[in-house]
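Asks:
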Amino acid sequence: MRNVKVFEHRQDKGYDMSIEIHHLFDHQHHIPTVAAWQQAEFGYLSPNGTLEQRAERLRGASDKARLPISLVAISNNEGDLVGSANISATTLTHKHLTPWLSSVIVPPTHRGRGIASKLALAAISEAGRLGFGKIYLFTPKNDGLYARLGRETFEHAAINGVPVCLMARATRIN
619 MRNVKVFEHR
629 QDKGYDMSIE
639 IHHLFDHQHH
649 IPTVAAWQQA
659 EFGYLSPNGT
669 LEQRAERLRG
679 ASDKARLPIS
689 LVAISNNEGD
699 LVGSANISAT
709 TLTHKHLTPW
719 LSSVIVPPTH
729 RGRGIASKLA
739 LAAISEAGRL
749 GFGKIYLFTP
759 KNDGLYARLG
769 RETFEHAAIN
779 GVPVCLMARA
789 TRIN
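Under the numbering used here, the letters of the sequence shown match residues 619 to 792, in that order.
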């Protein structure tokens, strides 16, 4: 299978890092790391979930033509994994809505470089490519970031007692 570059970003604000966003399926050796990141960052939202369950879900993102899709940000400079994001058919809430951007993670050492924004924008592009007109997300703390990327809040809710902001955005902007 051919390795397809989803999105490329070169930073212009004094950072020397350029990244490419790929499907995790093309970089399966990163599945254990991404699963560990997700468990550490978001495990509190589904406390009964295990690291192995997360890894299994990531392995299930094996068809670029349907959900789920997992994306990874790879540094062109070092070839390091510097972020990840998922596009899922359902999530912990509002199961009648689809698709969902979820589990956007950038390690602390790489934050502040626009990587999360680029992952979110690549997810919008992927959802549009698959024919979806809108993409949803919930966030316990990053609603400001997603609002800057054109998402609008449509509800506030709680997941396992954690307040979250539910947001949506069209995949195509006219």
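Even glycine gets a Cβ: it sits at the ideal position worked out from N, Cα and C.
Should E638 be labelled buried (16 or more other beta-carbon atoms within 10 Å of its own) or exposed?
Replies: Numbered from its first residue, the sequence shown carries residue 638 at position 20. Buried, by the Cβ-count rule.
Asks: To the nearest angstrom, how far is it from the Cα of I705 to the Cα of A738?
Replies: Taking the sequence shown and counting its residues from 1, the one referred to as residue 705 is at position 87. Taking the sequence shown and counting its residues from 1, the one referred to as residue 738 is at position 120. Approximately 10 Å between the Cα atoms of the pair.
Asks: Since V782 sits in a beta bridge, which residues does DSSP pair it with?
Replies: Counting from one through the sequence shown, the residue named residue 782 turns up at place 164. DSSP lists A775 as partners of V782.
Asks: Can you round the beta-carbon distance between I777 and L669 to whole angstroms, since I take them to be within the 8 Å contact cut?
Replies: Position 159 of the sequence shown, counted from the start, is the residue given in the question as residue 777. Position 51 of the sequence shown, counted from the start, is the residue given in the question as residue 669. Rounded, the Cβ-Cβ distance is 20 Å, inconsistent with contact.
Asks: Nearest to I687 by alpha carbon, out of A765, A740 and A788?
Replies: Looking up residue 687 in the sequence shown gives position 69. Selected option, being the one with the closest Cα: A740.
Asks: Throw me the rounded Cβ distance for the I692 and H728 pair, which I believe falls under 8 Å.
Replies: Here residue 692 refers to the residue found at position 74 when the sequence shown is read from its first residue. Here residue 728 refers to the residue found at position 110 when the sequence shown is read from its first residue. Incorrect: roughly 11 Å between the Cβ atoms, too far for contact.
Asks: Which residues in the same chain as G667 place their Cβ atom closer than 7 Å to its Cβ, once the five residues preceding and following it in sequence are excluded?
Replies: Here the question's residue 667 lines up with position 49 in the sequence shown. Counting only Cβ-Cβ distances below 7 Å, and skipping sequence neighbours, we find G661.
Asks: Leaving aside the five residues before and after F772 along the sequence, list all residues of the same chain whose C-beta is less than 6 Å from its C-beta, in chain order.
Replies: Counted from its first residue, the sequence shown places residue 772 at position 154. For F772, where only same-chain residues beyond five positions count, the Cβ hits under 6 Å are L784 and A786.
Asks: Helix, strand or coil for A741? Go by DSSP, reduced to three states.
Replies: Here residue 741 is taken as the residue at index 123 of the sequence shown, counted from 1. Note: A741 maps to helix in three-state DSSP.
Asks: Please report the distance separating the alpha-carbon of T651 from that of L689.
Replies: On the sequence shown, position 33 is the one that residue 651 refers to. On the sequence shown, position 71 is the one that residue 689 refers to. Rounded to the nearest angstrom, the two C-alpha atoms are 13 Å apart.
Asks: Under the DSSP definition of a beta bridge, which residues are partnered with T709?
Replies: Along the sequence shown, read from residue 1 onward, the residue named residue 709 stands at position 91. When DSSP reads this structure, T709 sits in no beta bridge, so it has no partner.
Asks: Between E696, A788, A673 and K713, which has its C-alpha nearest A745's C-alpha?
Replies: For the purposes of this step, residue 745 is identified with residue 127 of the sequence shown, where counting begins at 1. Answer by Cα proximity: A788.
Asks: Which of helix, strand or coil does DSSP assign to V652?
Replies: Mapped onto the sequence shown, residue 652 falls at position 34. Note: V652 maps to helix in three-state DSSP.
Asks: Can you tell me whether G632 is buried or exposed, with buried defined as 16 or more other CB within 10 angstroms of its CB?
Replies: Working through the sequence shown from its first residue, we reach residue 632 at position 14. Any reading at G632 is ruled out, since the residue's pLDDT is 42, under 50, leaving its predicted position unreliable.
Asks: Determine the extent of the beta strand (DSSP E) in which L755 is found, giving its start and end residues.
Replies: Numbered from 1 along the sequence shown, position 137 holds the residue referred to as residue 755. L755 -> beta strand (DSSP E) spans K752 to T757.
Asks: DSSP three-state label for L719, please.
Replies: Residue mapping note: residue 719 aligns to position 101 of the sequence shown, counting from 1. Reduced to three states, the DSSP call for L719 is strand.
Asks: For S720 versus T709, is the C-beta distance shorter than 8 Å?
Replies: Within the sequence shown, the letter at position 102 stands for residue 720. Within the sequence shown, the letter at position 91 stands for residue 709. Cβ distance < 8 Å, so S720 and T709 count as in contact.
Asks: For R675, name the three-state secondary structure that DSSP assigns.
Replies: To locate residue 675, count along the sequence shown from 1; it is residue 57. In the structure shown, R675 sits in a helix (DSSP, three-state: H, G or I).
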